Amino acid sequence: QWTQAGLFAQTCGAPIQLPINDPNWFHPKEGFFPKAWCLYDILRSEGYDLSFLIGSNGEFAGMNKFVETHGNQKLLDTNFYAARDGIKLSFEKTTKLPDKQMFAYAKEELANLTKQEKPFVFTLMTLDTHYGTAKFADDICERKYGPHNNIENVVSCADKQIGDFIKWLQKQEFYKDTVVVFVGDHLTMNPRFTKDMNRKPLNIFINSPVAADNTRNRTFTPFDIYPTIVESLGAKIDGHRLGLGTSLFSDVPTLTEGKMSVDDMDINVRKKSKIYDWMLYGKDVY
Numbered sequence: 106q107w108t109q110a111g112l113f114a115q116t117c118g119a120p121i122q123l124p125i126n127d128p129n130w131f132h133p134k135e136g137f138f139p140k141a142w143c144l145y146d147i148l149r150s151e152g153y154d155l156s157f158l159i160g161s162n163g164e165f166a167g168m169n170k171f172v173e174t175h176g177n178q179k180l181l182d183t184n185f186y187a188a189r190d191g192i193k194l195s196f197e198k199t200t201k202l203p204d205k206q207m208f209a210y211a212k213e214e215l216a217n218l219t220k221q222e223k224p225f226v227f228t229l230m231t232l233d234t235h236y237g238t239a240k241f242a243d244d245i246c247e248r249k250y251g252p253h254n255n256i257e258n259v260v261s262c263a264d265k266q267i268g269d270f271i272k273w274l275q276k277q278e279f280y281k282d283t284v285v286v287f288v289g290d291h292l293t294m295n296p297r298f299t300k301d302m303n304r305k306p307l308n309i310f311i312n313s314p315v316a317a318d319n320t321r322n323r324t325f326t327p328f329d330i331y332p333t334i335v336e337s338l339g340a341k342i343d344g345h346r347l348g349l350g351t352s353l354f355s356d357v358p359t360l361t362e363g364k365m366s367v368d369d370m371d372i373n374v375r376k377k378s379k380i381y382d383w384m385l386y387g388k389d390v391y
């Protein structure tokens, strides 16, 4: 239901249950869930170079601690570009970079990553559709849904930019050896779109060397994205499960395809767990 929880679920296979009311104020000194073993930890251990680009302040919700704890990634946030390019930040440092600028920075970083011999992981987190109230990019997009800066126009422009970015990737030399994964961290926060519309986050896997056994009518949660990304790279997982997730490239039922409904899972992940607290605090707390 919020960005950091979506990111953690999809890359670590676990929920975020914190001892504070507002997770956006979570800035752990000992690391962000230091005992969790996540996607970025696996890839760092396999010799990958990792970069994480986000168009906001990386200190928000402990994002900087997350990328440092898991994979010791290079964080490219508004603080980084303010220091490098002289971008002016608001007094509260709440400045957001538009997706148009983000994709330009992404191409620049990917060009740098491909100059080295090591394999790389590049994560880009876009923001224009978060609330759908971002400044419209009139220089690159057409307002298809009226003259106003409404969410339909913003989403349409985001769709175009993503399409253009994929086409750019497909022209690059590194594309033939690269898996491209698009995931939504949560549904849009714009109040015009409600839960009763039965909306779902979009998940797309492109250029994977493996094919899924079953691509229809699956029931899955963000936890299942974690092992699915790992197996999309051609890796093998014993039992096809990591954390609470099950790889969707396998025919093994996910937890919510078995005896547990989504509502049951929601209840169970909120219960106390010694293992969970050990991951969160980095030590036994009982």
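Residue numbering for the sequence shown follows this note's numbering, beginning at 106 and increasing consecutively.
All C-beta atoms in this analysis are idealised placements derived from N, C-alpha and C, irrespective of residue type, glycine included.
In this text, all values refer to a predicted model and were calculated from it rather than measured experimentally.
Taking a contact to mean a Cβ-Cβ separation below 7 Å, would you say residue i touches residue j in this structure?
i: Gly136; j: Thr174; result: yes
i: Val285; j: Pro120; result: no
i: Pro224; j: Tyr153; result: yes
i: Met384; j: Ala166; result: no
i: Glu362; j: Thr324; result: yes
Three-state secondary structure (DSSP) at residue i?
i: Val286; result: strand
i: Phe328; result: helix
i: Ile311; result: strand
i: Cys262; result: helix
i: Asn374; result: Checking the sequence, you will find Val at residue 374 rather than Asn. Coil, per DSSP.
i: Val357; result: coil
i: Ala209; result: helix
i: Lys170; result: helix
i: Gln122; result: coil
i: Pro252; result: coil
i: Lys341; result: coil
i: Asn319; result: coil
Roughly how many angstroms lie between the CA atoms of residue i and residue j, to the nearest whole one?
i: Gly125; j: Tyr280; result: Note on identity: in this sequence residue 125 is Ile, with Gly being the wrong assignment. The alpha-carbon atoms of Ile125 and Tyr280 are separated by roughly 42 Å.
i: Phe101; j: Thr116; result: Within the shown structure, residues of the chain are numbered from 106 to 391, placing residue 101 beyond reach of any answer.
i: Leu274; j: Val390; result: 47 Å
i: Lys193; j: Asn295; result: 27 Å
i: Gln178; j: Val172; result: 5 Å
i: Pro327; j: Tyr381; result: 17 Å
i: Tyr250; j: Ile372; result: 41 Å
i: Lys265; j: Gln206; result: 14 Å
i: Arg189; j: Asp182; result: 11 Å
According to DSSP, what are the bridge partners of residue i?
i: Phe157; result: Leu180, Thr228
i: Leu347; result: Gly350
Taking C-alpha atoms, which residue in the options lies nearest to residue i?
i: Glu257; options: Leu180, Thr231, Thr238, Val288; result: Thr238
i: Leu392; options: Ala209, Asp127, Ile342, Met370; result: Lying outside 106 to 391, the shown extent of the chain, residue 392 is not represented and no answer is given.
i: Ala316; options: Asp301, Asn322, Leu338; result: Leu338
i: Ile245; options: Pro203, Tyr236, Glu278; result: Pro203
i: Asn162; options: Arg321, Leu180, Leu148, Asp146; result: Leu180
i: Ala340; options: Asp329, Ser352, Gly348; result: Ser352
i: Leu347; options: Gln106, Ala114, Ala110; result: Ala114
i: Pro128; options: Pro139, Asp146, Met168; result: Met168
With a cut-off of 7 Å, does the C-beta of residue i fall near any C-beta of chain D?
i: Ala211; result: In the structure shown, chain D does not exist; there is a single protein chain.
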